[in-house]
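Chemist: The structure under discussion is supplied below as structure tokens; questions concerning it will follow.
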Amino acid sequence: MTRPLDLDRLLAYKVPDARDDYDPRDGIIYALGVGAGLRPDIDETRFLFERHLEVLPTMALVLGTPGFWPMDPQSGLDWPNILHGEQHLRLFQPLDPAGMVHGETRITDVADKGPGKPALIRATKILRTLGGTLIAEATETWVARGAGGFGGERDLPGEALPPVPDRTPDLAITLPTSVVQAATYRLSGDRNPLHIDSQAARQAGYDRPILHGLSTMGVIARALIHACAGGEARALSEIALRFTAPVYPGDTLATHIWQQGDRVRFRTSANERGVVVADNGNALLVG
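Residue numbers (the working numbering): 3 to 289.
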């Protein structure tokens with residue numbers, strides 16, 4: 003049985019800073035890990051060929067991070083019961099094909115949904131060049147199942163992600179995932195065994211390994227880039243979403259899009275299972 007979260011221990015925990023020296027090979031591996039090149043009628047050579055390489059903006063999510071930090075015993079978290087709840091990424095400048103970056107991640111807020119219910123943990127990463135230039139800000143919300151009841155605030159501060167419009171979407175795009183996509187995505191740094199080991203997946207309540215939430219987010223970002231920006235990756239400067247159900251490697255993801263000027267709202271479903279896997283989506287594409 004999951005025990006209530008140890009709030010003092012968690013707030014005393016410092017997520018390790020991380021420094022990355024990345025090159026075009028890393029950008030290509032990341033692109034493969036979010037499904038680039040799987041749909042033959044969409045040319046994504048620009049993300050996969052080192053000559054004139056463009057780095058997908060969501061690669062900022064895997065740079066400057068120590069990986070799945072809730073696995074660190076010092077955090078006091080029961081990591082097999084941790085789920086990715088929400089993710090928000092804001093880019094202040096495009097990523098270069100190669101560079102050296104530094105990330106600082108800090109736990110900012112914790113909410114207690116009640117005894118036997120989840121705890122919500124929010125952390126924010128600031129990604130900069132080694133010279134101090136701001137590249138991106140990424141805010142993640144983790145759901146710690148059964149860890150409520152420690153006496154904290156009921157809700158996280160700030161406004162919740164609003165629902166998508168109640169009308170027919172303006173656009174839709176379908177992108178496949180690969181049966182080996184989780185195995186490939188792990189090469190970008192997230193080694194959580196939930197995504198590769200059947201025993202770990204069963205321990206967490208799944209019948210088989212699931213796709214990383216941030217790999218799913220990368221697929222969705224590609225969908226928005228192709229549907230709304232003519233394949234121009236640099237157009238995407240902000241994206242936020244709520245994860246609502248797991249994606250399994252090999253699922254086909256259908257993203258429905260509502261246009262609101264430069265902003266778009268979106269929802270993504272796994273076609274074969276008819277399940278909404280990401281909702282309350284919000285993105286900014288400019289250019």
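Every residue gets a Cβ at the ideal spot worked out from N, C-alpha and C, and that includes glycine.
None of these values were measured; they are calculated from a predicted model.
Specify the secondary structure class of Ser180 as computed by DSSP and reduced to three states.
Modeler: In this structure, Ser180 counts as coil in the three-state DSSP scheme.
Chemist: Go through its chain and collect everything with a Cβ distance to Ala140's Cβ below 6 Å, but skip five positions before and after it.
Modeler: For Ala140, where only same-chain residues beyond five positions count, the Cβ hits under 6 Å are Leu63, Leu91, Lys127.
Chemist: What distance in whole Å lies between the Cβ atoms of Asp199 and Phe2, which are believed to be in contact at a cut-off of 8 Å?
Modeler: What is shown of the chain runs 3 to 289, which leaves residue 2 out entirely.
Chemist: Entirely within the segment 195-220 and at least 4 residues each: give me those alpha helix (DSSP H) ranges in chain order.
Modeler: Listed in chain order, the complete alpha helix (DSSP H) runs (minimum 4 residues) inside the segment 195-220 are 200-205.
Chemist: May I ask which residues mark the beginning and end of the beta strand (DSSP E) holding Asp28?
Modeler: No beta strand (DSSP E) contains Asp28, which is instead part of the alpha helix (DSSP H) from 26-35.
Chemist: In angstroms with no decimal places, state the Cα-to-Cα distance between Asp74 and Gly263.
Modeler: So the alpha carbons of these two residues sit roughly 42 Å apart.
Chemist: If the criterion is Cβ atoms closer than 8 Å, does the pair Ile222 and Ala162 meet it?
Modeler: Cβ atoms of Ile222 and Ala162: not closer than 8 Å.
Chemist: Taking Cβ positions, are Glu147 and Thr4 nearer each other than 8 Å?
Modeler: Contrary to the premise, residue 147 reads as Arg rather than Glu in this sequence. It is a contact, given that the beta carbons lie within the stated cut-off.
Chemist: Alpha carbon to alpha carbon, how far is Ile109 from Ala272? Give it in angstroms, no decimals.
Modeler: Cα-Cα distance, rounded: 31 Å.
Chemist: Can you grab the Cα-Cα spacing for the pair Gly35 / Leu243, in whole Å?
Modeler: The straight-line gap from Cα to Cα measures roughly 19 Å.
Chemist: So what's Ile222 in DSSP terms, helix, strand or just coil?
Modeler: Here Ile222 sits in helix by DSSP.
Chemist: Asp114 lies in the alpha helix (DSSP H); which residues open and close that run?
Modeler: Element bounds for Asp114: not the alpha helix (DSSP H) but the beta strand (DSSP E), 101-114.
Chemist: What is the rounded straight-line gap between the Cα of Ile30 and the Cα of Gly101?
Modeler: In a straight line, the C-alpha of Ile30 is about 14 Å away from that of Gly101.
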